[in-house]
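Quick notes on the structure that follows.
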DNA sequence: TTACAATAGTTTACATGTAAAATGATTGCT
DNA sequence: AGCAATCATTTTACATGTAAACTATTGTAA
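Residue numbers (this note's numbering), protein chains in the order written: chain A, 1 to 159; chain B, 1001 to 1159.
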């Protein structure tokens, strides 16, 4: 019989090579599944996860931001941000404003339309958070975040 | 001062709305970063993470598999598997074989060339696992896997 | 001041993930 | 036997993620 739930889920015949491999596959798989769930919710409101992410960053910042600074807060590679902003602009969710002091910089500003949409999405999103991991205790959630943050330290420090 | 490391990383001004939100963002972000790291490693060998994933599933199974069964073990939505197999076939990493009994089914078989490539990649991949989360103790890794598996139970049971 | 490096963003090319609809084959039912 | 439902897979259309190369602008140094 399989040792772990993940091993059953992916019908893996052999046990995992290591605890490290198992943990990493668990991270990737859980993320894929959750990302998919959020994608379905967001689609009902006409936006993709990445678009929603950009809008949340802009709302959180409270003022226009250079586009590369937005990209920087996402894991995202630089060139992808351009098309993302293009589509948000086409939907009237953001405006581009060339900076007068440094004409290389493009400031991105969120629109009232987008803020209204986000406002409408806040509760459904909160509900999905609860649905997905509301069954974990506060201690488990804290442990989970702590372990994931520790996992990332191998990369955030150097490299 | 920010309460969590994640809050610093994404330069979020406000604390998280909830432990649930923080945990979910930690899962998504860690996964993105790790996925990116594996992508870079795999690219050195000429394959993408998804392609590598398919080949690993085929090697693990030990015999040809229907394409939808491969898709099923990945989180992947069905239609994406077609193009994925197309490109693997173009690189001589898999062969398509129409099943004679049920002509709807296409069996996918891994080639010796792909097995040789996988063999060559085993050690580098193991090293990357170590590099990424080798600094977590065995207990931490077990806890992490256990918590992530528990997180997924909200979806694997029903829905 | 001119030459060159560094920055901010965009374009291009290609692989992927998602949904909806189409194709071809097989099964179940009358 | 005939035909609708089902199944495995593919096609199409669009948004995203990644790398490499390119443009415009700014900073720096000889």
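Glycine included, each C-beta is placed from N, C-alpha and C at the ideal position.
For the candidate residues A:128, A:155, A:80, whose alpha-carbon lies nearest to that of residue 33 of chain A?
-> Here residue 33 of chain A refers to the residue found at position 33 when the first chain is read from its first residue. Per the Cα distances, A:128.
What span of residues does the alpha helix (DSSP H) with residue 161 of chain A cover, start to end?
-> There is no way to answer for residue 161 of chain A, as the model of chain A reaches only from 1 to 159.
Please confirm if the region 101–121 of chain A is in contact with the region 1055–1073 of chain B, defined as three or more CB-CB distances below 8 Å between the two stretches.
-> Too few Cβ pairs lie closer than 8 Å, so no.
Give the DSSP bridge partners of residue 1110 of chain B, in chain order.
-> Here the question's residue 1110 of chain B lines up with position 110 in the second chain. Paired residues: B:1094.
Are the region 1009–1024 of chain B and the region 123–142 of chain A touching by the rule of at least three beta carbon pairs closer than 8 Å?
-> The answer is yes - the region 123–142 of chain A touches the region 1009–1024 of chain B, with three or more Cβ pairs under 8 Å.
Mind checking which residues open and close the alpha helix (DSSP H) that includes residue 1072 of chain B?
-> For the purposes of this step, residue 1072 of chain B is identified with residue 72 of the second chain, where counting begins at 1. Looking at the DSSP string, the run of the alpha helix (DSSP H) that includes residue 1072 of chain B is 1067–1073.
Residue closest to residue 94 of chain A, alpha-carbon to alpha-carbon, out of A:143, A:48, A:113 = Sequence index remark: in the first chain, residue 94 of chain A carries index 94 (1-based). Checking every option, the nearest Cα to that of residue 94 of chain A belongs to A:113.
Put residue 1031 of chain B into one of helix, strand or coil per three-state DSSP.
-> Working through the second chain from its first residue, we reach residue 1031 of chain B at position 31. In this structure, residue 1031 of chain B counts as helix in the three-state DSSP scheme.
Residue 76 of chain A beta carbon less than 9 Å from that of residue 50 of chain A | Counting from 1 along the first chain, the entry for residue 50 of chain A is found at position 50. Counting from 1 along the first chain, the entry for residue 76 of chain A is found at position 76. Residue 50 of chain A is a Cβ neighbour of residue 76 of chain A, given a cutoff of 9 Å.
Please look up how many angstroms separate the CB atoms of residue 18 of chain A and residue 1132 of chain B, rounded, as I've assumed it's under 8 Å.
-> Here residue 18 of chain A is taken as the residue at index 18 of the first chain, counted from 1. Here residue 1132 of chain B is taken as the residue at index 132 of the second chain, counted from 1. Cβ-Cβ separation between residue 18 of chain A and residue 1132 of chain B: approximately 12 Å, too far for a contact (criterion under 8 Å).
Between the CA atoms of residue 1044 of chain B and residue 143 of chain A - distance to the nearest angstrom | Walking along the first chain from the start, residue 143 of chain A turns up at place 143. Walking along the second chain from the start, residue 1044 of chain B turns up at place 44. Each residue's alpha carbon lies about 35 Å from the other.
Comparing the CB of residue 78 of chain A with every heavy atom of the ligand FAD, is any distance shorter than 8 Å?
-> With respect to small molecules bound, the structure shown includes none, and the ligand FAD cannot be examined in it.
When you compare only the Cα positions, how much space is there between residue 69 of chain A and residue 54 of chain A?
-> On the first chain, residue 69 of chain A is found 69 positions in, with the first residue counted as 1. On the first chain, residue 54 of chain A is found 54 positions in, with the first residue counted as 1. Between residue 69 of chain A and residue 54 of chain A, the C-alpha separation is close to 11 Å.
Between A:27, A:38, A:42, which lies nearest to residue 1035 of chain B when the distance is taken from Cα to Cα?
-> On the second chain, position 35 is the one that residue 1035 of chain B refers to. It is A:27.
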